[in-house]
Structure formats: structure tokens, C-alpha cells
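Residue numbers (this note's numbering), protein chains in the order written: chain A, 44 to 124; chain B, 3 to 408. Every residue, glycine too, gets a C-beta built ideally from N, C-alpha and C. It should be emphasised that the depicted structure is a prediction, and the values quoted were computed from it without experimental measurement.
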């Protein structure tokens with residue numbers, strides 16, 4: 044998967060979980076919880092959705108590594124291999 | 003014959019707009035069936051029927067804004083009386099009624115209807131109802147688009163605004179769209195609704211407040227260890243532990259759990275925990291998680307997930323809007339240390355959890371860093387006093403010290 048594929052996957056899952064957020068609202072460096080105001084349940088649902096879609100089980104200890112879109116793309120790329 | 007009326011879906015509701023009928027004349031309806039969708043200041047709510055019967059006439063038109071109590075439909079009921087089909091919000095008997103409603107009411111089962119069953123019209127089942135966000139429902143109603151004809155791309159294939167927009171003719175699409183993040187929700191209306199309910203609360207309820215900082219290390223350690231072994235779908239959130247701990251405590255201290263109306267306080271038999279969910283565009287809703295004190299933690303977490311998902315996509319039910327017997331509001335992972343919340347009438351208590359944070363804590367003779375959370379109880383002085391409130395907070399503390407038993 045290319046960075047663009049991963050980015051698209053994250054944005055699609057994110058906007059399903061948070062239908063009030065448009066893909067264009069999500070800046071690469073925006074903190075998903077502090078800036079976009081995902082609550083802990085939304086964030087967990089995003090982790091679940093990415094697990095299902097990409098087959099990557101993101102442990103809780105790695106949550107800081109997907110705190111922004113840019114971080115998440117880089118992290119998932121290494122995990123998908 | 004019985005008249006099904008616009009129900010009150012909470013202290014802050016005066017009127018609602020009928021967005022969708024799920025029934026038509028001739029349909030058979032059962033208790034718990036969703037019969038209509040009503041747009042309120044807190045989004046679209048699925049209205050449940052609390053009576054058996056055959057729909058005689060629909061008495062309200064889609065798009066009509068109706069006061070609470072206005073007739074919506076006429077039902078032909080099997081045998082008895084003319085009680086309103088929609089359960090009034092302040093009905094003090096509602097908890098007893100709910101007990102009967104839940105799984106199988108052996109004695110209260112309605113007599114078998116002999117007459118019109120042969121002509122069995124389409125029955126209402128939840129499976130037939132297209133899940134849709136409030137924004138999508140409103141837009142579809144405005145544009146005369148049939149939600150049933152659309153394929154949803156939202157959570158659980160719910161229809162979201164984009165799906166409705168995709169179905170609109172191009173010319174219509176050019177119509178001006180509200181600039182708010184979620185066009186279907188009127189944020190000014192929600193703010194007004196919250197203002198009215200909270201002003202009423204502060205006017206009528208003599209609040210008192212108690213705060214206690216609780217050692218959360220055991221719960222935090224247990225949660226980390228538990229989640230480390232689980233896939234994301236099965237993980238728990240600290241918020242679920244909070245809801246369970248409060249529900250256990252509320253079952254032990256009945257003065258915190260119930261409704262206060264013109265006749266005074268009615269303690270509830272079960273704990274229907276209102277879970278406050280903040281909306282990103284402002285405002286909040288606190289739908290009830292039924293029988294929270296008896297739910298195993300994993301089930302409670304599943305139900306909370308479902309509740310939050312439906313808050314986001316607009317699929318809350320009328321019973322969830324009115325059945326709450328106590329509310330829990332948690333700051334989440336980060337934020338303020340403590341939250342003294344305003345009681346949601348007709349409830350008599352609300353528990354605010356600040357963000358959990360590591361603090362210096364005394365264990366034995368040593369000062370050690372421990373995860374802690376500050377819990378604030380706002381309670382109704384007409385019903386309880388500080389001593390009772392302190393007992394309640396102590397019960398929350400006790401429950402959180404043995405997370406494995408929650």
C-alpha cells in the first residue's frame with residue numbers, strides 16, 4: 044500500500060466514525076483527539092476499524108504513534124510492511 | 003381506541019418535528035416498535051410505541067412541528083382503555099412498567115387479538131428502518147427523498163448526509179447549505195434546549211456538591227493489562243468502569259437514583275445510567291444505558307459503544323432519552339481536573355469525573371505517584387444530604403478498587 048492508500052483508508056474510516064468531520068477538515072498534523080475532538084470512544088472505534096480494514100492490531104501503547112494523520116500513515120506503513 | 007401523542011423526550015423538549023412515519027394505517031404495532039422519527043433540538047429520535055394495536059389513522063403530517071402531547075396517530079387497541087400510547091415522560095409508574103416491558107411479560111401479555119389479524123398488514127420491525135443521521139433525515143425530508151431507496155455508507159451502513167446529497171438532482175444540490183459541521187442539527191436550538199433545561203434545574207433543584215479524589219491505580223493497571231491481551235474490538239475504556247462503578251453505587255444508595263416530580267421523589271428499581279456524550283459541534287446528549295448495574299462490564303462497554311455510535315449517526319430511541327435515572331459525565335483522557343455538573347431534571351444526581359491524572363499520593367508512609375481521578379457528585383438536597391452523598395462517593399471508590407469484580 045502506498046502512503047496515499049493508507050491516508051485514504053484512515054480518512055474513510057475516520058469520517059464514518061465521525062460523520063460530522065469532513066476529510067478536508069483533517070490536517071496532516073492535527074491531533075485527532077485534541078484538535079479534531081475525537082473522544083476516547085471514537086478513537087477506539089478508529090483503531091478497531093483500522094484493525095479490520097488493514098489487519099493491523101494497534102496496541103494501546105502505540106496509540107500516541109497514530110495521534111495525527113501524518114503519524115498514523117507512517118506508523119501503519121511500517122506495520123503493514 | 004387510543005391516541006398516540008408526541009412524547010416528551012426530556013426536560014428540555016417542548017415540541018418536535020415529525021420527520022418520518024415508520025407505520026401506516028392498518029399496520030399492527032407492538033410495544034417497543036419504532037413508529038416514527040421525530041426531529042428534536044437534540045437530533046432525530048426514534049419514537050417507540052408502548053402499546054399493542056392496529057394503526058387506525060395517522061393524524062400528523064411529515065414536516066409538521068407539534069407540541070408535546072399533540073396527537074400523532076390513532077390506534078385501535080385490543081381490549082382495554084384509552085391510555086395514551088406514548089408513555090408520558092414523567093409517569094411515576096414508568097419504572098415498574100419498564101420491568102414488565104423488558105424480556106417476557108407473562109402476566110401482562112395482551113389478550114390475543116382475534117379480529118383483524120387475518121388481514122395481517124405489514125408489521126413494523128426494526129430491520130426495515132433505514133439507519134440515517136439526523137442531517138441525512140432532515141435533508142431527505144426537505145428534498146422529498148425516500149431514505150429506503152438509498153444505500154448508506156456510514157457506520158453500520160447508516161445513511162449519512164453525503165448519501166442523500168449524492169441522490170439529489172444537481173440543481174437542488176446547489177441550494178445553500180448551512181455552514182455548521184452537521185447541517186441537520188440546529189445548534190442554536192440545541193443551545194436553547196440546554197439553556198432551558200439547565201436553568202430549570204438550577205431554579206428548582208437545590209444542588210449540593212461533594213468532591214473526592216480517588217486512587218485509580220488499581221483500575222488503571224487492570225485496564226492496561228486487560229486491554230493488552232485483547233483485540234481493539236474487545237477493549238474497554240475507563241469510562242465504562244466509571245459508569246459501572248456509579249451504577250453499583252446508585253443501586254446501594256437509592257436517594258441518588260430516580261426521578262423527582264410534582265409528587266416528590268420516586269426511587270427507581272433499576273439503574274438506567276445516562277451517559278453524557280459531547281457533540282463536537284457543541285452541546286451534548288445523555289442517553290440512558292438500561293439496567294447498567296446488572297450488566298457485565300464487557301456487555302456494558304458494548305452497549306456504550308453502540309450508544310455513542312448512535313449519538314453520532316442519529317439513531318437514539320425515545321426510551322433512551324427519557325429513562326435515565328442518574329447521569330455520568332466524564333472528561334475523558336485529558337482535560338480539567340474536576341467537573342461539578344448540573345443535574346438533568348427529573349433526575350436527582352449527576353456524577354462528574356475529571357480527567358484521570360498521576361498525582362503524588364500517600365501509600366503507607368511514603369509519597370508515591372499514583373493515577374487518580376477527582377469525582378464530583380451534584381445531588382438534589384430535596385432528596386438527600388451530604389452524609390448520604392459521601393456514602394455514595396465512598397461506594398464508587400470501593401467499586402473502583404476491585405476493577406476485576408466490576
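Length of the line joining the Cα atoms of residue i and residue j
i, j, result
"residue 52(B)", "residue 353(B)", "30 Å"
"residue 384(B)", "residue 402(B)", "28 Å"
"residue 24(B)", "residue 60(B)", "11 Å"
"residue 27(B)", "residue 64(B)", "15 Å"
"residue 302(B)", "residue 230(B)", "19 Å"
"residue 127(B)", "residue 36(B)", "For residue 127(B), the pLDDT reaches just 41, beneath the cut-off of 50, and the residue's location in the model is therefore unreliable, although a value from the coordinates is still provided. Near 8 Å, if we compare the C-alpha coordinates of residue 36(B) and residue 127(B)."
"residue 113(B)", "residue 377(B)", "Only weak support is given to the placement of residue 113(B): the predicted model assigns it a pLDDT of 42, under 50, and the value that follows is read from those uncertain coordinates. Between residue 113(B) and residue 377(B), the C-alpha separation is close to 49 Å."
"residue 246(B)", "residue 45(A)", "43 Å"
"residue 86(A)", "residue 154(B)", "22 Å"
"residue 74(B)", "residue 8(B)", "6 Å"
"residue 272(B)", "residue 394(B)", "16 Å"
"residue 91(A)", "residue 59(A)", "12 Å"
Residue range of the beta strand (DSSP E) that includes residue i
i, result
"residue 244(B)", "Taken as a continuous stretch (DSSP letters only), residue 244(B) belongs to no beta strand (DSSP E), being part of the alpha helix (DSSP H) at 240-254."
"residue 54(B)", "Premise fails: residue 54(B) is in no beta strand (DSSP E) and is neither H nor E."
"residue 382(B)", "368-382"
"residue 214(B)", "209-217"
"residue 76(B)", "73-78"
"residue 64(B)", "Unbroken run through residue 64(B): none, as it is neither H nor E."
"residue 70(B)", "Element bounds for residue 70(B): n/a, residue is neither H nor E."
"residue 7(B)", "4-7"
"residue 336(B)", "Here residue 336(B) belongs to no beta strand (DSSP E), and DSSP marks it neither H nor E."
Reduced DSSP secondary structure (H/G/I, E/B, other) of residue i
i, result
"residue 24(B)", "coil"
"residue 387(B)", "coil"
"residue 295(B)", "helix"
"residue 343(B)", "coil"
"residue 408(B)", "coil"
"residue 194(B)", "helix"
"residue 402(B)", "helix"
"residue 53(A)", "helix"
"residue 100(A)", "coil"
"residue 30(A)", "In this structure chain A extends from 44 to 124, so residue 30(A) is not present and cannot be described."
"residue 153(B)", "coil"
"residue 165(B)", "helix"
"residue 91(A)", "helix"
"residue 300(B)", "helix"
"residue 99(B)", "Per-residue confidence for residue 99(B) stands at a pLDDT of 41, beneath the threshold of 50, marking its modelled position as unreliable; no derived number is given."
"residue 357(B)", "coil"
"residue 83(A)", "helix"
"residue 206(B)", "helix"
"residue 107(A)", "helix"
"residue 234(B)", "helix"
"residue 330(B)", "strand"
"residue 228(B)", "helix"
"residue 19(B)", "strand"
"residue 392(B)", "helix"
"residue 310(B)", "helix"
Distance between beta carbons of residue j and residue i, contact taken as under 8 Å
i, j, result
"residue 216(B)", "residue 375(B)", "5 Å"
"residue 199(B)", "residue 13(B)", "5 Å"
"residue 61(A)", "residue 81(A)", "6 Å"
"residue 299(B)", "residue 221(B)", "Incorrect: roughly 11 Å between the Cβ atoms, too far for contact."
"residue 211(B)", "residue 342(B)", "5 Å"
N-terminal and C-terminal residue of the alpha helix (DSSP H) that residue i is part of
i, result
"residue 123(A)", "112-123"
"residue 320(B)", "320-324"
In the stretch 251-281 of chain B, which residue ranges form an unbroken alpha helix (DSSP H) of at least 4 residues, counting only runs that do not cross its ends? Unbroken alpha helix (DSSP H) runs of no fewer than 4 residues, entirely contained in the stretch 251-281 of chain B, are not found.
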